[in-house]
Amino acid sequence: MELTVWTYEGPPHVGAMRVANSMRDVHFVLHAPQGDTYADLLFTMIERNKKRPPVTYTTFQARDLSGDTAEIFKTAARDAVARFKPQALLVGASCTAELIQDDPGGLAKTLGLNVPVVPLEMPSYQKKENWGAAETFYRLVRAFAGGAGKPETAPEQASCNILGPTSLGFRNRDDIVEVVRLVESLGVRVNTVAPLGASPADLARIPQAHFNIVLYPEIADTSARWLKRQFGQEMVTTIPIGVGATRDFVAEVAKVAGVEVPQELLESGAERLSWYSASIDSNYLTGKRVFVFGDATHAISAARIASEELGFKVCGLGTYSREFARDVREAAAKYGVEPLISDNHLDVEDAIIAAQPELVLGTQMERHAAKRLRLPCAVISSPVHVQDFPARYSPQMGHEGANVIFDSWVHPLMMGLEEHLLQMFRGDFEFHDDAGSSHLSHGGPAAGHQPDARDEQAAVAAETPAPDVAAATSTAANDDQPSWTSDAERELRKIPFFVRGKARRNTETYATENGLNPITIETLYDAKAHFGR
Amino acid sequence: MTTVFDASTACTDTAAKPGRDVLKQRGQHEVFCGLTSIMWLHRKMQDAFFLIVGSRTCAHLMQSAAGVMIFAEPRFATAIIDERDLAGMADMNDELDKVVTRLLARRPEIKLLVLVGSCPSEVIKLDLPRAASRLNGEHSPQCRVMAYSGSGIETTFTQGEDNFLAALVPEMPAEAADAPVSLVVVGALGDVVEDQMMRVFDGLGVGPVRFLPSRSSTTLPPIGPNTRFILAQPWVGACAQALERRGAKRISAPFPLGEEGSTAWYRAIADSFGVPEAKFDAITAPGRERARRAVARYKPVLEGKSVFLFPDSQLEPSLARFLSREMDTSIIEIGTPYLNRDVVGPELAMMPDTVRVSEGQDVERQIDRVHTDNPDLIICGMGLGNPFEAEGRSTKWSIEFVFTPLQGYEQAGDLAELIARPLMRRELLKVGS
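Chains as they are written, first to last, in the working numbering: chain A, 1 to 533; chain B, 534 to 966.
Right under this line is the structure:
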């Protein structure tokens with residue numbers, strides 16, 4: 001039993017719904033109690049789809065449990081096929097229906113439906129949403145592409161499938177446009193994109209392509225590996241998020257497809273991140289501490305961009321995708337940080353506090369945490385908010401994706417000259433810590449906010465390793481912590497709030513290491529000289 | 534207007550009003566489960582913490598339905614049952630104890646911990662009332678522990694609040710035998726509404742008046758034979774029965790929506806407390822006048838329009854009555870998840886026989902009826918709103934009626950505005966479907 005307030009992923013059947021909702025002519029009959037229909041609003045409200053997801057729920061109630069829930073399932077399946085006339089019917093159970101063991105797959109078989117039925121096993125008590133999506137996609141691909149042996153592929157032009165984009169995926173809608181454009185500019189034909197926008201008939205055509213682009217391994221990796229074994233289709237696994245990764249992606253696609261990279265793709269015409277980042281105005285971004293957390297794909301990509309393309313310092317990197325923990329560990333080693341593999345948002349919040357970042361790149365959960373800690377934040381990964389399905393074209397991948405990323409990460413930060421002015425005129429009555437940055441309305445102070453709350457909260461949290469051991473260690477922790485003289489404390493408050501936490505931590509570290517207690521103004525400046533900015 | 538009946542699955546029932554048929558069809562219910570009530574209960578009772586014992590689906594429901602609105606750390610959480618619990622490798626009661634101990638260490642300000650049963654906890658027959666009594670022995674008096682069910686197999690949306698309040702009734706202190714006659718208003722209301730009601734009660738000389746749920750778990754109203762209670766929300770039928778079992782007397786009335794509903798509601802209380810007619814008129818006249826004026830502004834928008842209500846909170850009959858009688862709209866269908874005739878019978882009796890009433894749901898066939906009836910406005914849940922909007926239809930999210938203070942004279946205009954807004958908006962927009 002695990003205590004949770006927010007969860008990064010839903011149950012596996014929600015992953016199955018995401019695949020069903022991505023596709024055309026697929027319908028999903030889900031054996032589930034009344035109430036599980038809440039999942040519809042993920043699609044109709046958060047993603048703002050115009051149609052209801054293609055899901056029929058059996059919505060059984062307590063009084064049905066003593067009767068025949070299996071019969072309710074059979075009626076729902078029969079009615080759904082008659083009403084929606086899908087090319088394929090997915091059947092499965094949610095967490096409660098799993099417990100009553102009605103076996104939707106077996107029941108559907110007895111109905112003699114005139115459509116192919118793909119039964120799903122979704123172990124709700126051990127697996128989660130992305131696994132459910134990957135498994136559903138794999139079952140569909142096997143069912144529809146698996147029949148024949150290796151088909152004839154057109155030899156005259158290299159062709160590929162783009163696998164992985166789904167409904168509710170972070171900016172998947174726009175990423176497809178960028179990636180198709182990139183691939184086609186190499187002279188490679190796109191055979192099919194799946195699951196988003198594909199029909200079961202399109203899945204049947206997957207083996208006709210020369211190779212597969214795994215755009216989102218959390219969802220497409222299982223299928224792509226199977227396709228490689230079955231049909232010998234190579235996998236392109238570079239994720240084209242960021243300037244460098246897009247360049248690598250183009251090179252990998254060209255190599256697998258056996259084509260030359262055209263000259264105009266080598267010149268980065270459409271891409272502005274490189275110049276904006278090199279421009280003198282971006283100097284202030286140098287060494288900004290950034291904490292990165294998300295699904296593995298977006299977190300690893302974000303860390304690379306932060307480090308190589310914006311000149312930030314990656315001070316934390318983690319993921320909730322346990323299936324891809326190895327990849328994140330490798331990436332974390334590159335930046336010299338401890339990888340954080342956790343699906344407990346409280347652990348992530350603690351890690352953010354400890355890392356003292358100046359920018360948080362995360363999911364909706366980290367946006368909540370950053371807001372509480374008064375840290376700038378940009379969202380880079382699912383799970384997301386309705387605001388992260390913007391009306392405008394806003395990809396993360398390819399050249400335009402890099403441009404979007406530059407804007408959306410830099411925008412929440414204090415501008416360079418503004419930072420300097422704050423340092424000079426911190427006593428100004430309308431230009432002070434609590435006024436926040438002038439270009440952001442949400443940077444204003446929260447009601448009842450104490451000037452140094454973030455700092456204090458961080459300090460308290462840093463001293464309190466975990467609630468259950470806090471009682472045992474708090475006395476010792478207090479003994480170790482040097483105290484501040486009131487002069488030094490006043491001087492510390494003259495440092496702008498966005499670097500004050502770091503100054504406090506550095507000074508305390510310096511004092512502890514040098515056995516200095518209490519901390520004086522001298523200690524503060526000695527520490528500053530010792531650590532630099 | 535013709536009523537669409539399906540002879541094979543529809544059965545009729547004439548108890549609501551002689552001659553009124555109730556359409557019942559069994560199919561997909563597109564409604565929230567009772568856990569969703571925690572969204573407002575945890576804000577209303579400020580020293581309570583709601584711990585759902587359930588699955589990842591329950592946690593995901595809470596954050597999908599409520600998470601987008603809540604930025605502070607909420608006073609609810611889910612203890613997620615995992616494979617180890619089900620396989621019997623971990624004793625689930627020990628696991629629950631551990632979770633509760635950790636939670637209370639983290640949130641020492643919590644005075645009432647509420648274990649909330651879910652679909653999985655009920656299917657595996659995890660005895661939460663018993664667990665609560667065990668934990669209560671361990672943690673009270675610092676923190677009391679209780680349990681109720683908010684599961685989807687037992688409850689629909691607002692019924693979760695009903696179960697919570699019904700479970701609170703045994704916890705309520707006994708009123709002294711010689712206590713003066715008191716009033717309890719039952720069903721969560723906005724704080725501002727409670728304050729306004731208190732001013733009216735003071736004016737009428739009715740008191741002492743208490744509210745359930747109370748703002749704190751330590752100030753539950755005392756109950757006894759001298760207690761009278763009135764429902765402020767239509768979904769608290771089980772709580773009403775529990776109060777009656779403790780000797781309290783129910784005052785029956787329409788619900789305080791709109792000028793007419795509010796007046797009828799206050800009048801039932803005034804009559805029960807023997808308030809003279811002249812005094813009643815003097816105290817309520819300014820409010821009635823303001824409510825009539827506020828509502829009149831939106832009448833041109835809603836007058837003559839046809840409205841179709843999907844089942845959601847059980848407020849549907851009261852909303853329909855307000856729309857029908859005070860806004861002169863034509864009601865096509867009143868869908869409600871559960872029709873408690875004892876509670877909403879007076880509301881239905883105030884409406885024409887042509888109004889179709891449906892209880893429970895087969896959402897696909899209900900959508901078919903919308904396509905046939907082509908109403909001017911659809912009041913429905915969040916899963917259905919945008920798909921209807923994309924068809925060029927005007928919709929109002931029903932969940933807002935639960936979250937917005939609407940009761941009483943001062944909110945009558947807000948209620949009218951809330952319903953009129955989608956139609957006014959469609960007039961404003963020169964783009965879209």
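C-beta atoms are modelled at their ideal positions from N, C-alpha and C, and glycine is treated no differently.
Measuring straight from C-alpha to C-alpha, what distance separates residue i and residue j?
i       : j       : result
R139(A) : I241(A) : 28 Å
M365(A) : P908(B) : 40 Å
T96(A)  : L265(A) : 52 Å
K127(A) : L619(B) : 14 Å
M595(B) : L568(B) : 8 Å
G670(B) : R663(B) : 11 Å
D36(A)  : P11(A)  : 11 Å
E922(B) : D624(B) : 49 Å
A303(A) : V314(A) : 7 Å
A458(A) : I353(A) : Here A458(A) scores only 41 on pLDDT, less than 50, and its place in the model is too uncertain to base an answer on.
E349(A) : L373(A) : 9 Å
E9(A)   : H593(B) : 8 Å
Measure the beta-carbon distance from residue i to residue j and round it to whole angstroms, keeping in mind my assumption that it falls under 8 Å.
i       : j       : result
Q899(B) : G868(B) : 6 Å
E78(A)  : L111(A) : Reading the sequence as shown, one finds Arg at residue 78(A) and not Glu. So it is a contact: roughly 6 Å between Cβ atoms.
L790(B) : V876(B) : Actually they do not touch by this definition, with Cβ atoms about 14 Å apart.
D695(B) : W768(B) : 5 Å
V555(B) : L872(B) : 6 Å
V828(B) : E792(B) : 6 Å
S651(B) : V586(B) : 6 Å
M860(B) : A945(B) : Not really, about 10 Å apart at Cβ, beyond 8 Å.
Terminal residues of the continuous beta strand (DSSP E) containing residue i?
i       : result
P119(A) : V117 to P119
K557(B) : V555 to K557
C315(A) : K313 to T319
A612(B) : F609 to I613
G868(B) : S863 to T869
N191(A) : R189 to A194
H211(A) : The displayed chain sequence assigns Phe, not His, to residue 211(A). Taken as a continuous stretch (DSSP letters only), the beta strand (DSSP E) holding F211(A) covers F211 to V214.
E892(B) : R889 to E892
Y57(A)  : V55 to Y57
Along the chain, where does the alpha helix (DSSP H) that runs through residue i open and close?
i       : result
A945(B) : A945 to L961
W275(A) : L273 to A278
E400(A) : G398 to V410
G791(B) : G791 to S805
E2(A)   : Premise fails: E2(A) lies in the beta strand (DSSP E), E2 to T4, not in any alpha helix (DSSP H).
F813(B) : E810 to A829
In this structure, does DSSP put residue i in helix, strand or coil?
i       : result
G232(A) : coil
A108(A) : helix
P33(A)  : strand
L716(B) : strand
Q774(B) : helix
Q967(B) : Since the first residue shown for chain B is 534 and the last is 966, residue 967(B) is missing from the structure and cannot be characterised.
R677(B) : strand
H385(A) : coil
Does any C-beta atom of chain A lie closer than 8 Å to the C-beta of residue i?
i       : result
D906(B) : no
I657(B) : yes
T611(B) : yes
S795(B) : no
I686(B) : yes
M884(B) : no
V537(B) : With a pLDDT of 38 at V537(B), under the threshold of 50, the modelled position of that residue is not reliable, and the figure given next carries that caveat. No, V537(B) lies away from the interface with chain A (no Cβ there is under 8 Å from its Cβ).
Taking CB distances under 8 Å as the criterion, tell me whether residue i reaches chain B.
i       : result
T7(A)   : yes
A16(A)  : no
P165(A) : no
R374(A) : no
P534(A) : It is not possible to answer for residue 534(A), since the shown part of chain A is limited to 1 through 533.
K50(A)  : yes
C315(A) : no
At a CB distance below 7 Å, what residues from the stretch 635-649 of chain B approach chain D? Give them in sequence order.
Considering every chain present, this structure includes no chain D. Its protein chains are A and B.
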